[in-house]
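Asker:
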Amino acid sequence: AAGVIQSPRHLIKEKRETATLKCYPIPRHDTVYWYQQGPGQDPQFLISFYEKMQSDKGSIPDRFSAQQFSDYHSELNMSSLELGDSALYFCASSIGTGGRTDTQYFGPGTRLTVL
Amino acid sequence: AQSVTQLDSHVSVSEGTPVLLRCNYSSSYSPSLFWYVQHPNKGLQLLLKYTSAATLVKGINGFEAEFKKSETSFHLTKPSAHMSDAAEYFCVGGLGGGGNKLTFGTGTQLKVEL
């Protein structure tokens, strides 16, 4: 079965650079979520989109922005990178109303390292 | 406050013995609850979910969890541990209050010994 695809899988950037992470949801899934998992931490919700509109927002820094495109893929743009942004970034997708009962299926993650 | 609490950060069992990973939640709404497993350097895999249907939920790989509203618990169990079960387990809640974000517990590292 098709799963959530994230690219790139690994990314190394310098401080103050920008990074773009991409997420391709499971076919027919209309909701995308982004999570950040710091070293030894549990995943923290950043932001979600349902039918290309932002549906919920968590602890996403102002330096980060995201959007969902017409083909339902999503991109997380990160600017002025800081050392503390080094983390594993997960994308998840679901189908449904975008509510809390929807099962979220996670991608393998993008490991971002900021030097 | 809406939260998910995993009571043990580390659990160690012998292969073939039962597994119990404990999780409590706090929510003003009827929650949706999930267990995810994360193997080293891997993504999060859904084990099972509870969404107000049957309180005993069966998942993959022989895992099951029971939703107990009176105890605000959603403990994960497996009758017999296998070496391949060694991983990090997250109890996760869709706790309501608007939005669709998931709230993660801090995780339980399961170690399975011979």
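Chains as they are written, first to last, in the working numbering: chain A, 1269 to 1383; chain B, 50 to 163. Just so it is clear, CB atoms sit at the ideal spot from N, CA and C, and this is done for glycine as well. Source: prediction; values computed, not measured.
1. Cβ of A/Tyr1292 within 8 Å of Cβ of A/Gln1372?
2. What's the gap between the Cα of A/Phe1374 and the Cα of B/Asp134?
3. Counting along the chain, where does the beta strand (DSSP E) carrying A/Asn1345 start and finish?
4. Could you give the first and the last residue of the continuous beta strand (DSSP E) run that contains A/Ala1355?
5. Give me the DSSP bridge partner(s) of A/Ile1273.
6. Taking the straight line between their C-alpha atoms, what separation do you get for B/Val86 and B/Thr66?
7. Tell me the DSSP secondary structure of A/Leu1314 in three-state form.
8. Taking only runs of the beta strand (DSSP E) that begin and end inside the segment 64-122 of chain B, which ones reach a length of at least 3 residues, in chain order?
9. Using CA coordinates, which residue listed in B/Ala130, B/Gly154 and B/His131 is at the minimum distance from B/Cys72?
10. Taking buried to mean at least 16 other C-beta atoms within 10 Å of its own C-beta, is B/His131 buried or exposed?
11. Assess contact between the segment 1348-1356 of chain A and the segment 1283-1290 of chain A, defined as three or more Cβ pairs (one per stretch) separated by less than 8 Å. Is contact present?
12. Short of 6 Å in beta carbon distance, which residues of its chain neighbour B/Ser61, apart from the five on each side in sequence? Order them along the chain.
13. For B/Gln55, is the classification buried or exposed, using 16 other Cβ atoms within 10 angstroms of its Cβ as the cut-off for buried?
14. Taking Cβ-Cβ distances shorter than 8 Å, what residues in chain B pair up with A/Tyr1373?
15. Which stretch, first to last residue, makes up the beta strand (DSSP E) that contains B/Glu137?
16. Does the distance from the CB of B/Gly156 to the CB of B/Phe139 come in under 8 Å?
17. Terminal residues of the continuous beta strand (DSSP E) containing A/Ile1280?
18. Tell me whether B/Gly92 is buried or exposed, calling it buried when 16 or more other Cβ atoms sit within 10 Å of its Cβ.
19. Name, going along the chain, the residues of the segment 146-163 of chain B whose beta-carbon falls closer than 7 Å to a beta-carbon of chain A.
Answerer: According to the structure data:
1. no
2. 19 Å
3. Ser1342 to Met1346
4. Ala1355 to Ser1362
5. A/Tyr1292
6. 19 Å
7. strand
8. 68-70, 72-75, 81-87, 93-99, 105-107 and 113-117
9. B/Gly154
10. exposed
11. yes
12. Lys160
13. buried
14. Leu95
15. Ala136 to Gly143
16. yes
17. His1278 to Lys1281
18. buried
19. Gly148, Asn149, Lys150, Leu151, Phe153, Gly154, Thr155 and Gly156
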